[in-house]
Structure formats: C-alpha cells, structure tokens
Amino acid sequence: MRAISLYLSATLPPQTLPHDLNNRCVLVSSSSVIKSQASPTRRRSLRTSNIRGAPNLSGMATETRNLQWTIVPTSVPVRVANELLQAGHHYLDVRTPDEFSDGHVVGAVNVPFMLRLGPGMARNPKFLEQVLAIFRQDDEIIVGCQLGKRSFAAASELVSAGFTGITDMAGGYAAWKQNGLPST
0 MRAISLYLSA TLPPQTLPHD LNNRCVLVSS SSVIKSQASP TRRRSLRTSN
50 IRGAPNLSGM ATETRNLQWT IVPTSVPVRV ANELLQAGHH YLDVRTPDEF
100 SDGHVVGAVN VPFMLRLGPG MARNPKFLEQ VLAIFRQDDE IIVGCQLGKR
150 SFAAASELVS AGFTGITDMA GGYAAWKQNG LPST
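Residue numbers (numbering that gives the first Met the number 0): 0 to 183.
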C-alpha cells in the first residue's frame, strides 16, 4: 500500500457542490519523482478544475509505497446539525453512558466509541457491531460527542466501514448546549 499526505484548500461555491457532501475525495494527476532517504516518493499536484462537475480543488500530495485513500467525513457546526436533525437525520451520540445520562441531544441514540477503564479510556471493541444493530449503512447519521474529537474518530471509522450518510458534528455537545439548542 502507498500512503498519501494531502494538503488541500478549496472554495466551493454552492452551485458546484456535489450531491453527496458526506465524503471528500481527491483526484490525482501528473507526478514527478523525488529522491528520499527512507523510500522513493512521488510528489503529485492535485487539480479538479478540468473535470466536469467536480468542485475546484488544488493542492499537493506526497505518495509513498502503497496507495491508500482515506475518506474523511464532513464536519458541520451545531446549528447545521440541528437543521439536519429537523430534516430527518438520526443522531448518534458516541460519548460514555455517564456523559449521555448527564444530558444529550433530543432523540439521540447512545453507542459509546470509547469506554471508561479505570482512570483512562479504551476504544469500544463492539462499536461497529452495535451501530449496525441500530442503523443501516445508508442512513443519514450525525455523529456527536462532548467536544468533537471522539465523534470525528467514530465518524471516520463508520465511513471506512462503508456507511455513506455520515456527518460529524464539530464542537460536540458542549457547543450544542452553548448555542441553546434542544437537549434533555
């Protein structure tokens, strides 16, 4: 497999946005070889402006050995997440059961991504299995936690497992409460 490090920036006018905003991907073109002490790498420039219907993206990628693409879930602010919930999306709260019982988004389903083990935390080994028991892989799901780190990790894992409608809520439940949005 090759690993690619991507550094991108993009401005996406509304009329050019793709239908599926839940996944970001990159198209690669032209390469030149760069010598490296560790292993041969290639520097690739990225541009999608010449591809019909694609948003205008440009940047550089460094490629080594085996090619590996990472699809990153879209993150949205809490107010956008609230609008998506009103439009029928589901809400998956990946905080611990104790955090969830202290308050949560109305209608949220709790499946912890991390579990408390003594003074620390460990990844829930049954996370995917538990999510699959509740949701279909094509359900529109907003993933949230307390501050946004766990939810992004959980959302990334769900996307990697084949879920197609995953959206991460940036800022987590703390930002949700700070904005005065409905909670229990």
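Each residue gets a CB set at the ideal place from its N, CA and C atoms; glycine is no exception. It should be emphasised that the depicted structure is a prediction, and the values quoted were computed from it without experimental measurement.
Quick check on DSSP: helix, strand or coil for residue i?
| i | result |
| --- | --- |
| Pro76 | coil |
| Val130 | helix |
| Asp97 | helix |
| Val104 | strand |
| Arg135 | coil |
| Val186 | Residue 186 lies beyond the range of the chain shown here (0 to 183); nothing can be said about it. |
| Asn123 | coil |
| Gly171 | helix |
| Val196 | Look at the range of the chain in this structure, 0 to 183, and you will see that residue 196 is not part of it. |
| Asn178 | coil |
| Thr166 | strand |
| Thr10 | With a pLDDT of only 38 at Thr10, under 50, the local geometry of the prediction cannot be trusted, and the value read off the model is given with reservation. Coil at Thr10, not helix or strand. |
Below 8 Å on the Cβ atoms is my guess for residue i versus residue j; work out the distance and round it to an integer in Å.
| i | j | result |
| --- | --- | --- |
| Asp167 | Val142 | 5 Å |
| Asp138 | His89 | 6 Å |
| Ala152 | Phe112 | 7 Å |
Quick check on this structure: which residue in the options has the alpha carbon closest to the alpha carbon of residue i?
| i | options | result |
| --- | --- | --- |
| Val108 | Ser155, Thr95, Leu114 | Thr95 |
| Arg115 | Val71, Ile133, Val93 | Val93 |
| Thr183 | Phe134, Glu98, Pro118, Val104 | Val104 |
| Ala132 | Leu91, Arg122, Ala121 | Leu91 |
| Thr163 | Ile140, Pro118, Ala86 | Ile140 |
| Leu180 | Gln85, Pro72, Met120, Arg122 | Gln85 |
| Ile70 | Asn178, Val158, Pro118, Ala169 | Val158 |
| Val246 | Asn178, Thr73, Asp97, Gly87 | Outside the modelled stretch of the chain, which goes from 0 to 183, sits residue 246, for which no answer is possible. |
If contact is defined by three or more beta carbon pairs under 8 Å, each pair taking one atom from either stretch, is the stretch 77-87 in contact with the stretch 113-131? no
Inter-stretch contact (C-beta, 8 Å, three-pair minimum) for the stretch 71-78 and the stretch 164-174: Under the three-pair Cβ rule at 8 Å, the stretch 71-78 counts as touching the stretch 164-174.
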